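Asker: Chains as they are written, first to last, in my numbering: chain R, 1 to 500; chain D, 1 to 370.
All C-beta atoms, glycine included, are put in the ideal place defined by N, C-alpha and C.
It should be emphasised that the depicted structure is a prediction, and the values quoted were computed from it without experimental measurement.
Take this structure first; my questions come after.
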Amino acid sequence: MFDALSERLERVAGRLRSRGRISPADLDEALAEIRTALLEADVELGVARHFVEAVRARCSGVVLSKSLSPGQQVVKAVHEQLVEALGGEALRLTYASRPPTVVLLAGLQGAGKTTVAAKLARWWKAQGRNPLLVGADLQRPAAVEQLRVLGASAQVSVFSEPGDPVATAVAGVAEARRLGRDVCIIDTAGRLSIDEALMDEVRRISKRTEPHYTFLVIDAMTGQDAVATARAFHETLALDGVILSKLDSDARGGAALSVKEVVGRPIVFASTGERLADLDLFHPDRMADRILGMGDVLTLIEQAERTMDQEVVARSADRMLSGRFGLDDFLEQLHQVQKMGSLGGILRLMPGMNKELRQAADQIDDSQVSRIEAIVRSMTPAERADPVIIDGSRRVRIARGSGTSAQEVNQLLKQFKEMQKMMRSVGSGAMPAMGGGGRLGRLAAAREMAKSGGAEETLAGMMAGNGPPRPPAPTGQPAGAKGRRNAKKKGGRVTPPKGR
Amino acid sequence: MIALWIVLGVLALVALSTAVATSTRRRRSPGPPAAPAAPAAVATRRSTAVPPNAAPLAPEPEPEPGPGSEGTGAAPALRDRLGRTRGLFAPLRALGARGELAAAIDAAEEALLRADVGVETTTDLVASLRQRPERGADGVLSVLSGQLVEIFSENPDRSLRVDREPGVVDVWLFVGVNGVGKTTTIGKLALARRDEGDSVLLAAGDTFRAAAADQLALWAERAGAELIRGAEGSDPSSVVFDAVQRAKARGNHLVLADTAGRLHTKVNLVEELRKIRRVADREPGRVTEVLLVLDATTGQNALAQAREFTEAVGVTGVVLTKLDGTAKGGVVIPIERQLHLPVKLVGVGEGPADLVAFEPAAFVDALVGV
């Protein structure tokens, strides 16, 4: 999503960075570029203006810092302003003392409410909660049916009854209470903000069910209208937050910037893929990093922690570092990573991703993984432990067994060998002669530290390419903007830091 | 494939770091096992490009008003529904009336941007406004609307092509990103085409979204049309293939084929779409329209959608939905101008009759409020 915006800002920043001094004319030019970039990113006109003026104020009011170049100061100002415009701090979800915590979803047609409802249910389930889905969209044909199917795959039960949406919602909350569910998610029909009858209906649903959280689901691809929509829904329902859907598109997501500004409510969740697991809390500070090309490593680590089987990972990591990493470990790890979501989605969170790599990430088809799996599974245990023994006839056998070609088997073996080599060098602490190898060194160091404890922060900092450790909950000060420069990502590197 | 290996490299590091992180921190309660994966989309192999449609020289079933003509038929509805967009250009009119030309042009720029027309097109329009300073009460406004109508007049053919040739089944394919209203559009269109005298069959090519076929089934029932559907997660191409075969056997000459919403950035899903189109074009089928459904609330990303889908499956026209809201749908202007894709249909409400032929003059009039 935010790709082009970050690219444009980077171009502007690059020009400024290369100059020792920033003149008012330079600043005007930079700000004009930023404004255009924001408009092309579908940021609402008024919000874009306000944003630009705020950046100007930040730049002109501040005494030139000694440690930062003028260009860096503009970038810092943009970053800070982005964090602010995207919602400041993340909303802290609390739960009702008398369950269930009622969550009401509203939005335009096709914004993605039903899908988001199911994703939320899954998310809460993963948090150890026990949600109930209530289908109050009786308008769209088969909407409840869709919710039931999605609910079934999230293993969350769905309540709905034909007739009146208001009555259904009320009955749904009662049902949640009766069943002892602690979260009750109400999906409503899509409605236009100017459709008075339907807006009145959702107002009645809200009144009768007294939701603890009312979220507006808004499509990340929305244009200037996002503001009008958000304002209208806010006036009707007093929103608590916004959920941004379809964030995995290449839309710049300017709507995100606009909405917070207009309704003064944060974006709480972001939906970033078609799978039910592709929903996460929205972190404005991280998103600002992402806009500026920082990658979103904290999210990545969190995802990893949540979904991976720690023991399996620890075991294979150990083997990896000690250089005894076989194809079995490889496969196991592949499965662990797959649990985190689509591979393309994971890759997008990595720092230092340039345009080509992002495109490559889009092309990753998770079904390719099953081909790899088939190849590995067609090997004997001995072959998996030590692929060196695979000769011509074994190769043909494996190819036949897995329904692939000898070339594919070869490719896998070759890549695996590279990976093994890299891991061995990490494990032994020897630095491969590649750019940015220092990071790998720190990785090995982190492993040492892990034994003595307290390495988590070092790790986060290291993965972000930072020299200094980055606090787990970054404050307004963008640790990112600084770290990024240290990481020399602009040197035309084609692979991501971890890709070797 | 290379990308995959990059990821595998990445995953090694992620796994490693997770292990390190967790061994230091006492184990947090690990989440429950991961999500049930949604059925993966069917990957298809790259194909040779599908030959583009022959020039559409078919009978024109839709009322087709030329630019500038007073609309007939459904026109009042469109004009009436688009009335809400008038507010944007109101300051412009006031300024123009007072003769404050520069301010009026600035107001025009602002209004165009707010209507999602986009920076590039707005800049060009405003530049030529500055070159033609015509005074008078509505001077700026009328020059502007003239310019807009001109953009639309470059794509005069807004008809929907049905050949009704014996032995051939015409296929209209509906494509677009998620949630734009493809299924609803097909439902409405099935009713409209039936009333036009077409013998329609529906293909529920959205085998991905839960209950999409059920949704279409309800529309099919209303239209009295047969619906061909497959199991959830099955290959959409085979559904379309079956639909064409069935249409031929039954003597239906038009198949309206739904497809699952897909982001134009998902290469494998776009590949799947190519395959659907290829299969639909196989005898006795013939794809005569590929309609891109766009949501009027969409911003500049609509251009990217139009470009990518056109490149992949040769879009022949645009259906602009949800124009009855506060969104202006101005992004169709750069789409018409840069990509020369004609808007053919407009959705202005939820009722079956709320899908009407697009009329440039009415759209522009309503947009700038002349």
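What are the residues of the region 108–141 of chain D that lie near chain R, defined by any Cβ-Cβ distance shorter than 8 Å?
Answerer: Answer set for the region 108–141 of chain D: 110, 113, 114, 115, 116, 118 and 119.
Asker: Does any C-beta atom of chain R lie closer than 8 Å to the C-beta of residue 322 (chain D)?
Answerer: Yes, contact with chain R.
Asker: Assess, as a yes-or-no matter, whether the region 196–209 of chain D is touched by the region 353–367 of chain D under the definition of 3 or more beta carbon pairs within less than 8 Å.
Answerer: Result no; under three Cβ-Cβ pairs closer than 8 Å.
Asker: According to the Cβ coordinates, are residue 315 (chain D) and residue 341 (chain D) closer than 8 Å?
Answerer: In contact: residue 315 (chain D) and residue 341 (chain D) (Cβ atoms closer than 8 Å).
Asker: Closer than 9 Å by beta-carbon distance: list the chain D residues that pair up with residue 98 (chain R), in chain order.
Answerer: Going along chain D, no residue has its Cβ under 9 Å from residue 98 (chain R), so there is no contact; the nearest lies around 25 Å.
Asker: Which residues in the same chain have their Cβ closer than 7 Å to the Cβ of residue 175 (chain R), if we skip the five residues on either side of it in sequence?
Answerer: Around residue 175 (chain R): 132 and 159.
Asker: What residue range is occupied by the uninterrupted alpha helix (DSSP H) comprising residue 205 (chain R)?
Answerer: Segment 196–209, the alpha helix (DSSP H) holding residue 205 (chain R).
Asker: Find the residues of chain D that neighbour residue 222 (chain R), judging by a C-beta separation of less than 7 Å, and give them in chain order.
Answerer: Correct list: 297, 298 and 299.
Asker: Listing by chain order, which chain R residues have their CB less than 8 Å from the CB of residue 209 (chain D)?
Answerer: Under the 8 Å cutoff, chain R gives 146.
Asker: Using a beta-carbon distance cut-off of less than 9 Å, what residues from the region 169–184 of chain D approach chain R?
Answerer: Those would be 177, 178, 179, 180, 181, 183 and 184, in chain order.
Asker: In chain R, what lies closer than 7 Å to residue 224 (chain D) by C-beta?
Answerer: Correct list: empty, because the minimum Cβ distance to chain R is about 16 Å.
Asker: Can you pull out the residues from the region 399–414 of chain R whose beta carbon lies closer than 8 Å to at least one beta carbon of chain D?
Answerer: Of all residues in the region 399–414 of chain R, 411 have a Cβ within less than 8 Å of some Cβ in chain D.
Asker: Can you check whether the C-beta of residue 29 (chain R) is within less than 8 Å of a C-beta belonging to chain D?
Answerer: Closer than 8 Å: no.
Asker: Who are the neighbours of residue 214 (chain D) on chain R, taking C-beta pairs under 9 Å?
Answerer: Within chain R, the residues near residue 214 (chain D) are 141, 142, 145 and 146.
Asker: Given a cut-off of 8 Å on the beta-carbon distance, is the pair residue 260 (chain D) and residue 209 (chain D) in contact?
Answerer: It is a contact, given that the beta carbons lie within the stated cut-off.
Asker: What are the start and end residues of the alpha helix (DSSP H) that includes residue 136 (chain R)?
Answerer: Per DSSP, residue 136 (chain R) belongs to no alpha helix (DSSP H); it is in the beta strand (DSSP E), 131–136.
Asker: Please confirm if residue 148 (chain D) has its CB atom under 8 Å from at least one CB of chain R.
Answerer: No, no contact with chain R.
Asker: Identify, in the order they occur along the chain, each residue of the same chain with its Cβ nearer than 6 Å to the Cβ of residue 390 (chain R), setting aside the five sequence neighbours on each side.
Answerer: For residue 390 (chain R), where only same-chain residues beyond five positions count, the Cβ hits under 6 Å are 383.
Asker: Would you please verify whether the beta carbon of residue 76 (chain R) is less than 8 Å from any beta carbon of chain D?
Answerer: Judged by the 8 Å Cβ criterion, residue 76 (chain R) is not in contact with chain D.
Asker: When DSSP labels each residue in this structure, what does residue 125 (chain R) get in the three-state scheme?
Answerer: Helix, per DSSP.
Asker: According to the neighbour-count rule (16 or more other Cβ atoms, all chains shown, within 10 Å of its Cβ), is residue 108 (chain R) buried or exposed?
Answerer: By the 10 Å Cβ count, residue 108 (chain R) comes out buried.
Asker: Comparing the C-beta of residue 149 (chain R) with each C-beta of chain D, is any distance below 8 Å?
Answerer: Closer than 8 Å to some Cβ of chain D, the Cβ of residue 149 (chain R) qualifies, so yes.
Asker: Three or more C-beta pairs under 8 Å: does that hold for the region 176–187 of chain R against the region 81–100 of chain R?
Answerer: Because the criterion of three Cβ pairs below 8 Å is met, the region 176–187 of chain R and the region 81–100 of chain R touch.
Asker: With a Cβ-Cβ cutoff of 8 Å, do residue 194 (chain R) and residue 326 (chain D) count as a contact?
Answerer: Contact flag set, yes.
Asker: Got a sec? Which residues, its chain only, sit under 6 Å from residue 122 (chain R) by beta carbon, not counting five neighbours each side?
Answerer: Correct list, in chain order: 154 and 276.
Asker: In three-state terms, what does DSSP make of residue 390 (chain R)?
Answerer: Three-state result, residue 390 (chain R): coil.
Asker: Whose Cβ in chain D lies nearer than 8 Å to the Cβ of residue 111 (chain R)?
Answerer: Simply 179.
Asker: Does any residue of chain D have a CB that is nearer than 8 Å to the CB of residue 176 (chain R)?
Answerer: Cβ-Cβ to chain D under 8 Å: no for residue 176 (chain R).
Asker: Thinking just about the alpha-carbon of each residue, which of D:141, D:98, D:186 and D:144 is nearest to the one in residue 255 (chain D)?
Answerer: Ranking the options by Cα distance to residue 255 (chain D), first place goes to D:186.
Asker: Examine chain R for any beta-carbon lying closer than 8 Å to the beta-carbon of residue 353 (chain D), and answer yes or no.
Answerer: With 8 Å as the cut-off, residue 353 (chain D) does not count as an interface residue toward chain R.
Asker: Starting from residue 215 (chain R), follow its DSSP beta bridges and name the residues at the other end.
Answerer: BP columns for residue 215 (chain R) point to R:105 and R:241.
Asker: Restricting to Cα atoms, I'd like to know which of D:212, D:252 and D:237 is closest to residue 224 (chain D).
Answerer: Here the closest residue by C-alpha is D:252.
Asker: Excluding the 5 residues preceding and the 5 following residue 405 (chain R) in the sequence, name in chain order all residues of the same chain whose CB lies nearer than 7 Å to its CB.
Answerer: So the qualifying residues of the chain are 399.
Asker: Residues in its own chain within less than 6 Å of residue 247 (chain D) by CB, not counting five upstream and five downstream?
Answerer: Cβ within range, chain order: 169, 201 and 255.
Asker: With 8 Å as the threshold, decide whether the Cβ of residue 193 (chain R) is near any Cβ in chain D.
Answerer: By this cut-off, residue 193 (chain R) is an interface position.
Asker: Compare the C-beta of residue 326 (chain D) against all C-beta atoms of chain R and say whether one is closer than 8 Å.
Answerer: Closer than 8 Å: yes.
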